[in-house]
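Working notes, beginning with the structure itself.
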Amino acid sequence: MNPPRNNLSYRRLAAFQVTTLLIDATKRFLDDFLYQEPEWANSLLRTALSARHCAAMGCRGWQASEQGIPPPLAQRYRWWEFEQLIKCRAKLEILLLSYEDYLRWRQLPQWNYTSEESSAVRAVANQFNQNQNDRPQAKFMTELSDMQRWELYSPWLIHADPAVRVNAIINIIHQSNYLIERQLENFEWQLSSPSIHAAVVPVGNTNTSTSQFYSPAHESSPSIRTSPTCPSCGGSMRLRVAKQGQNPGKQFWGCIGYPNCRGVAEVAPT
2 MNPPRNNLSY RRLAAFQVTT LLIDATKRFL DDFLYQEPEW ANSLLRTALS ARHCAAMGCR
62 GWQASEQGIP PPLAQRYRWW EFEQLIKCRA KLEILLLSYE DYLRWRQLPQ WNYTSEESSA
122 VRAVANQFNQ NQNDRPQAKF MTELSDMQRW ELYSPWLIHA DPAVRVNAII NIIHQSNYLI
182 ERQLENFEWQ LSSPSIHAAV VPVGNTNTST SQFYSPAHES SPSIRTSPTC PSCGGSMRLR
242 VAKQGQNPGK QFWGCIGYPN CRGVAEVAPT
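Take 2 as the starting number for the sequence shown in this note's numbering and just add one per residue.
As structure tokens, then:
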């Protein structure tokens, strides 16, 4: 059972959740195919675990503000989170190289990034999110448990062919890299924004996967309110206007990574 998530906002970010999937996939692969090479297996597992730990520390969702930490100290804390994400990205690159070594040393084929097989693995999240109307209990992958997320990828991650497993894991690493890079871009934007250097506090429901911040002195001014975090990839969002569908002309938050990421969020009333 997953732990309560009321105050653990980083657990609801896709960037952290995908690193958890990577650990589970790595452990299963090592148990099935690298049990005779314990030293290499332990190195791979330690790298995957380290990447997840850094992701957790770097994706805490500005909790310094939630905990009432003074702004100057909170700013230093955010820079520390930024550094943790950089470390996470480096660990993921090491993990990627190790899996590529496995394929090369055993003369196993590596899927082209644009191949049908690779695209099928990377399309899992988008397909799930696009079919959200069929699942009132969990509309986005970020709302799934770790086991439910594993089930979506299990056709590749429990495959009898080690080449299929490794190639699937490589594509999941690429997804993790993309999500962590979006987080880094979001941090860079937030840390360089003058309004963020002032005291900030969260608004809205902390149980959601997005966080919005505003300056207390200008609470009613939407012009200085920062964008929420994308519920799908953890990146930045920008205001958009619906051109079709049920609410044409209505504003909503859309991920800046569209069309690769289709995360959306409602605009909070002012």
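Glycine included, every Cβ here is placed at the ideal spot set by N, Cα and C.
Suppose the cutoff is 8 Å on Cβ atoms and the five residues either side in sequence are ignored; what does the same chain contact list for Ala42 look like?
The residues are Leu31, Leu35 and Tyr36.
Do the region 87-97 and the region 147-156 meet, that is, are 3 or more Cβ pairs less than 8 Å apart?
Contact fails: fewer than three Cβ-Cβ distances are below 8 Å.
In angstroms with no decimal places, state the Cα-to-Cα distance between Gln111 and Pro249.
Using only the alpha carbons, I get a separation of about 44 Å.
Put Cys263 into one of helix, strand or coil per three-state DSSP.
The sequence as given places Arg at residue 263; Cys does not occur at that position. Arg263 falls in the coil class under three-state DSSP.
Between the Cα of Ile173 and the Cα atoms of Ala126, Gln131 and Glu186, which residue gives the shortest distance?
Here the closest residue by C-alpha is Ala126.
With H, G and I counted as helix, E and B as strand and the rest as coil, what does DSSP make of Gln128?
Of the three classes helix, strand and coil, the one that applies to Gln128 here is helix, per DSSP.
Sorted by chain position, which residues of the same chain lie with C-beta nearer than 7 Å to Arg53's C-beta, five sequence neighbours on each side aside?
Excluding residues within five positions, the ones whose Cβ falls inside 7 Å are Thr20, Thr21 and Ile24.
Just verifying my parser: in three-state terms, what is the DSSP assignment at Phe30?
In the structure shown, Phe30 sits in a helix (DSSP, three-state: H, G or I).
Flag this pair as yes or no: are the beta carbons of His175 and Arg166 separated by less than 7 Å?
In this structure, Arg166 does not lie closer than 7 Å to His175 by Cβ.
Straight-line CA distance for Ala121 to Cys262?
Approximately 15 Å, taken between the alpha carbons.
Suppose you measure from the CA of Cys89 to the CA of Ile181; what does that come to, to the nearest Å?
Straight-line Cα distance between these residues: approximately 8 Å.
Considering Arg150, what are the terminal residues of the alpha helix (DSSP H) in which it resides?
Per DSSP, Arg150 belongs to the alpha helix (DSSP H) from Asp147 to Leu158.
Are Cys256 and Ala15 closer than 7 Å when you measure CB to CB?
Taking 7 Å as the Cβ cut-off, Cys256 and Ala15 do not qualify as a contacting pair.
Identify whether Leu96 lies in helix, strand or coil by the three-state DSSP scheme.
Residue state, collapsed to three classes: helix.
Which residues bound the alpha helix (DSSP H) around Trp275?
Nothing about residue 275 can be read from this structure; the chain reaches only from 2 to 271.
Where Arg13 and Leu240 are concerned, what is the direct C-alpha to C-alpha distance, given to the nearest angstrom?
Cα to Cα, Arg13 sits roughly 22 Å from Leu240.
Start and end of the beta strand (DSSP E) containing Met142?
Note, Met142: premise wrong, no beta strand (DSSP E); not H, not E.
State the Cα-Cα distance for the pair Leu185 and Lys92, rounded to the nearest angstrom.
If you take the alpha carbons of Leu185 and Lys92, they lie about 15 Å apart.
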